[in-house]
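There are 4 protein chains.
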Amino acid sequence: MSTRSFSLVSRDLAAIGRRFYARGWVQGTSGNFSAVLTQRPLQLAITASSVHKGRLGAANILRINESAIPLGARRQVPSAETRLHLEIVRRRGARAVLHTHSIWGTILSESATNGDGVTIEGFEMLKGLSGVRTHEHAEHIPVLDNDQDMSRLASVVGETLDRHPNAHSFLLRRHGLYTWGDSLADAERHVEILEFLFETVGRGATFRPPGGEGT
Amino acid sequence: MSTRSFSLVSRDLAAIGRRFYARGWVQGTSGNFSAVLTQRPLQLAITASSVHKGRLGAANILRINESAIPLGARRQVPSAETRLHLEIVRRRGARAVLHTHSIWGTILSESATNGDGVTIEGFEMLKGLSGVRTHEHAEHIPVLDNDQDMSRLASVVGETLDRHPNAHSFLLRRHGLYTWGDSLADAERHVEILEFLFETVGRGATFRPPGGEGT
Amino acid sequence: MSTRSFSLVSRDLAAIGRRFYARGWVQGTSGNFSAVLTQRPLQLAITASSVHKGRLGAANILRINESAIPLGARRQVPSAETRLHLEIVRRRGARAVLHTHSIWGTILSESATNGDGVTIEGFEMLKGLSGVRTHEHAEHIPVLDNDQDMSRLASVVGETLDRHPNAHSFLLRRHGLYTWGDSLADAERHVEILEFLFETVGRGATFRPPGGEGT
Amino acid sequence: MSTRSFSLVSRDLAAIGRRFYARGWVQGTSGNFSAVLTQRPLQLAITASSVHKGRLGAANILRINESAIPLGARRQVPSAETRLHLEIVRRRGARAVLHTHSIWGTILSESATNGDGVTIEGFEMLKGLSGVRTHEHAEHIPVLDNDQDMSRLASVVGETLDRHPNAHSFLLRRHGLYTWGDSLADAERHVEILEFLFETVGRGATFRPPGGEGT
Numbered sequence: 003m004s005t006r007s008f009s010l011v012s013r014d015l016a017a018i019g020r021r022f023y024a025r026g027w028v029q030g031t032s033g034n035f036s037a038v039l040t041q042r043p044l045q046l047a048i049t050a051s052s053v054h055k056g057r058l059g060a061a062n063i064l065r066i067n068e069s070a071i072p073l074g075a076r077r078q079v080p081s082a083e084t085r086l087h088l089e090i091v092r093r094r095g096a097r098a099v100l101h102t103h104s105i106w107g108t109i110l111s112e113s114a115t116n117g118d119g120v121t122i123e124g125f126e127m128l129k130g131l132s133g134v135r136t137h138e139h140a141e142h143i144p145v146l147d148n149d150q151d152m153s154r155l156a157s158v159v160g161e162t163l164d165r166h167p168n169a170h171s172f173l174l175r176r177h178g179l180y181t182w183g184d185s186l187a188d189a190e191r192h193v194e195i196l197e198f199l200f201e202t203v204g205r206g207a208t209f210r211p212p213g214g215e216g217t
Numbered sequence: 003m004s005t006r007s008f009s010l011v012s013r014d015l016a017a018i019g020r021r022f023y024a025r026g027w028v029q030g031t032s033g034n035f036s037a038v039l040t041q042r043p044l045q046l047a048i049t050a051s052s053v054h055k056g057r058l059g060a061a062n063i064l065r066i067n068e069s070a071i072p073l074g075a076r077r078q079v080p081s082a083e084t085r086l087h088l089e090i091v092r093r094r095g096a097r098a099v100l101h102t103h104s105i106w107g108t109i110l111s112e113s114a115t116n117g118d119g120v121t122i123e124g125f126e127m128l129k130g131l132s133g134v135r136t137h138e139h140a141e142h143i144p145v146l147d148n149d150q151d152m153s154r155l156a157s158v159v160g161e162t163l164d165r166h167p168n169a170h171s172f173l174l175r176r177h178g179l180y181t182w183g184d185s186l187a188d189a190e191r192h193v194e195i196l197e198f199l200f201e202t203v204g205r206g207a208t209f210r211p212p213g214g215e216g217t
Numbered sequence: 003m004s005t006r007s008f009s010l011v012s013r014d015l016a017a018i019g020r021r022f023y024a025r026g027w028v029q030g031t032s033g034n035f036s037a038v039l040t041q042r043p044l045q046l047a048i049t050a051s052s053v054h055k056g057r058l059g060a061a062n063i064l065r066i067n068e069s070a071i072p073l074g075a076r077r078q079v080p081s082a083e084t085r086l087h088l089e090i091v092r093r094r095g096a097r098a099v100l101h102t103h104s105i106w107g108t109i110l111s112e113s114a115t116n117g118d119g120v121t122i123e124g125f126e127m128l129k130g131l132s133g134v135r136t137h138e139h140a141e142h143i144p145v146l147d148n149d150q151d152m153s154r155l156a157s158v159v160g161e162t163l164d165r166h167p168n169a170h171s172f173l174l175r176r177h178g179l180y181t182w183g184d185s186l187a188d189a190e191r192h193v194e195i196l197e198f199l200f201e202t203v204g205r206g207a208t209f210r211p212p213g214g215e216g217t
Numbered sequence: 003m004s005t006r007s008f009s010l011v012s013r014d015l016a017a018i019g020r021r022f023y024a025r026g027w028v029q030g031t032s033g034n035f036s037a038v039l040t041q042r043p044l045q046l047a048i049t050a051s052s053v054h055k056g057r058l059g060a061a062n063i064l065r066i067n068e069s070a071i072p073l074g075a076r077r078q079v080p081s082a083e084t085r086l087h088l089e090i091v092r093r094r095g096a097r098a099v100l101h102t103h104s105i106w107g108t109i110l111s112e113s114a115t116n117g118d119g120v121t122i123e124g125f126e127m128l129k130g131l132s133g134v135r136t137h138e139h140a141e142h143i144p145v146l147d148n149d150q151d152m153s154r155l156a157s158v159v160g161e162t163l164d165r166h167p168n169a170h171s172f173l174l175r176r177h178g179l180y181t182w183g184d185s186l187a188d189a190e191r192h193v194e195i196l197e198f199l200f201e202t203v204g205r206g207a208t209f210r211p212p213g214g215e216g217t
């Protein structure tokens, strides 16, 4: 892929980061984002490690190969979670992977009582997930234990993706959301849809209809 | 109506979409908006299907006739919920119809215990609804079951509007709000007023006055 | 006061309206704002009735006399609540009066169990109210029943202000907040401080320290 | 340090203030911010007292010496809490100190049951605090009683910092957060991380997983 394409993708990734920061989904240096540049050989554009997402620019996006080795002249280090991005791209054929740290995603990640995940069903908004055609869909969001050992975590991510072939996302417990798509636009829409659902389920869980308001 | 009017209405609908997106009421591709262009024959300007509302532009607005058939050269498909817009325009004589997917609207849609709706009364903000002159007004918001069969749902919407001649809106369960008005400005104001009331009733339902704060 | 001053004050009032709208404190056409132009004879600049606050411009501000009669060429009607503004200006010597409809103000207005008001104490933020020097201050916010009869309500407001000479504000039940100041900047700061306190008290009322978090 | 550096630091402090104001963390005139200009002799740039943070400009930043005496021609008074900033700079070697008044910080400040503080652990976001390498970290945030006597409070702050050598911050009860860093960027990131954690812990405390949502 030409340098020009890498420039355009870098600019798009940086713009997504600034939009998510404005919404409070990637406070500080949290979150990381990637998009596939070429499939053979596999090359990704991915955010550098430790960059503040409110100040993310195209210059903070690196080009890496399938072994997570940076290509080109930039001297920054790719995100520590690069292996998870590569795992998702390989297992799902995703063209873009987005990882956020939101308040409601964090809270929901603790609601999985059997350690296996959260199921959300019956909402029209589910139709915003690729391939979902009806609100009667039940979307399962696996919840994985957080881990600082990226090699071990990548392996758990791989197994989880295989065990849940229809999942559009997963949550790392007390950490955040990973979702992906056939394009950056698809992946960004998935973040918006899932964040909406997390907040709706989270707020709705404490809601009790007031006596005088229901008919 | 002249092409110039269609241009102006398209620009207004797109601006409303972007404002609602910024408030979190139409995340992703959710929501759809329409305005009457001419009454005889009936023609509507309406959002195309599957457009992201944060990037909505005048080019994503279509002109359709009373049978929901697109007119003109644009090759996009009108919103799947076009029939609901037409039903509301015909039964209410509305000049504009707005449909949003908000968190509190979704939560409130589940609070109707007998399947018939939610009644909100006693708030000054109710005076923002057309024709309401006092906070002592009781506004009934019918709640309808969600349905992917638009022909069947349009028929339920029609019956509901006839059964509740004073309603300014209705909610589709776990889906969102429909409201309308004599102009786009009236319909937009109705969205703001109803969203305020949903959030106030929703948050207020969990509020308990602290011992030390009430006199 | 010269026409130029009226222009400047109108522009400031409109800017406040748009800022409050962006925060969700004056949705739709709710809220009204005024500032004293001259004291002898008393003249106020005040928002016209039924103007959407997100689109408020200097042209929507009217000049009125002490009897609430509009002066000058503009043909709009002053806010229905003009009498309350005049009452506050006369009893308090206020130079600016701001009225908002916020979600937490509405919810808190229902927490006054004996019909007399809400007392908030012990917060550092109270020092943002004019003349308050310590967080140990107890601020009483009288809550008045809402009423569409402005003459009767103005009379209740007058009595309330006399009975609570230290109050910086009052709430109309299920309606909104009135506060004032020696300048528009003082009144705007009072709105911010009081809204912060309403939200803090409102959210704090449902908060229970989690077992594992407190030491 | 040259005048030019003071100009740059002033501009940065003012920009931080406006960003925090937009997020609702320094409503009205609340909050104050400082950065070290020179270490020998110690000079700080610090916000003037009683400035509205939404309108904070570089002209509202003062240069002070180690005794909190303003240097230079500006006639404004430094923040009443200047002594706390100096205490933190001396005890921690911090290059920047930021103080905010947020809703969730205020609420969390009341959750310390034994008067000693709040401990937050197990969140990935903790890694945004300088020197923290794993989510398994337990961050203790001391909570101090609020006090209008700045000399006495500075002394309590000093003792607290010595007693909690690993703390990145402390809360003043019903008042707000103090945090710091090796640079303004570090301190700003600490505010974002801590506010995220306060809000997550605060909202999470009322969350109960809904029966039908957990698997």
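Protein chains in written order, with the numbering used here: chain A, 3 to 217; chain B, 3 to 217; chain C, 3 to 217; chain D, 3 to 217.
Positions of the beta carbon are idealized from the N, C-alpha and C atoms, including for glycine.
Note that the structure is a prediction, hence the values are computed from the model and not measured.
Please report the residue range of the alpha helix (DSSP H) in which residue i lies.
| i | result |
| --- | --- |
| E201 (chain D) | L186 to G206 |
| W106 (chain B) | I105 to L110 |
Are the CB atoms of residue i and residue j nearer to each other than 7 Å?
| i | j | result |
| --- | --- | --- |
| A189 (chain D) | L100 (chain D) | yes |
| L173 (chain A) | V145 (chain A) | yes |
| A47 (chain A) | S12 (chain A) | yes |
| I122 (chain D) | V203 (chain D) | yes |
| K55 (chain C) | V28 (chain C) | yes |
| A156 (chain B) | L110 (chain B) | no |
| E197 (chain B) | S104 (chain B) | yes |
| G183 (chain D) | A98 (chain D) | yes |
| N148 (chain B) | H137 (chain A) | yes |
| G119 (chain C) | L179 (chain C) | no |
Report the three-state DSSP secondary structure of residue i (helix, strand or coil).
| i | result |
| --- | --- |
| H142 (chain D) | strand |
| H87 (chain D) | helix |
| A17 (chain B) | helix |
| F125 (chain A) | coil |
| G119 (chain B) | coil |
| G214 (chain D) | Note that G214 (chain D) has pLDDT 42, beneath the 50 cutoff, so the model's placement of it is unreliable and the number below is only indicative. Three-state DSSP puts G214 (chain D) in coil, outside helix and strand. |
| L131 (chain A) | coil |
| A47 (chain C) | strand |
| R25 (chain C) | helix |
According to the neighbour-count rule (16 or more other Cβ atoms, all chains shown, within 10 Å of its Cβ), is residue i buried or exposed?
| i | result |
| --- | --- |
| Q150 (chain A) | exposed |
| P43 (chain C) | exposed |
| A96 (chain A) | buried |
| R175 (chain D) | buried |
| D14 (chain A) | buried |
| A16 (chain B) | buried |
| S153 (chain B) | exposed |
| T40 (chain D) | exposed |
| A24 (chain C) | exposed |
Please list the terminal residues of the continuous beta strand (DSSP E) segment that includes residue i.
| i | result |
| --- | --- |
| T162 (chain C) | Not the beta strand (DSSP E): T162 (chain C) falls in the alpha helix (DSSP H), residues M152 to R165. |
| S51 (chain B) | No beta strand (DSSP E) contains S51 (chain B), which DSSP labels as neither H nor E. |
| F209 (chain A) | Neither: F209 (chain A) is in no beta strand (DSSP E) and is coded neither H nor E. |
| A37 (chain C) | N34 to T40 |
| L58 (chain D) | Where L58 (chain D) is concerned, there is no enclosing beta strand (DSSP E), given that its DSSP letter is neither H nor E. |
| L179 (chain C) | G178 to G183 |
| T102 (chain D) | A98 to T102 |
| S69 (chain D) | Counting along the chain, S69 (chain D) falls outside any beta strand (DSSP E), and DSSP gives it neither H nor E. |
| L174 (chain A) | S171 to L174 |
Is the CB of residue i under 7 Å away from at least one CB in chain F?
| i | result |
| --- | --- |
| N62 (chain D) | Among the protein chains in the structure shown, which are A, B, C and D, there is no chain F. |
Problem - Three or more C-beta pairs below 8 Å linking the region 161 to 176 of chain A and the region 63 to 77 of chain A - result: no
Problem - the region 122 to 130 of chain C in contact with the region 50 to 63 of chain C per 3-pair CB rule at 8 Å - result: no
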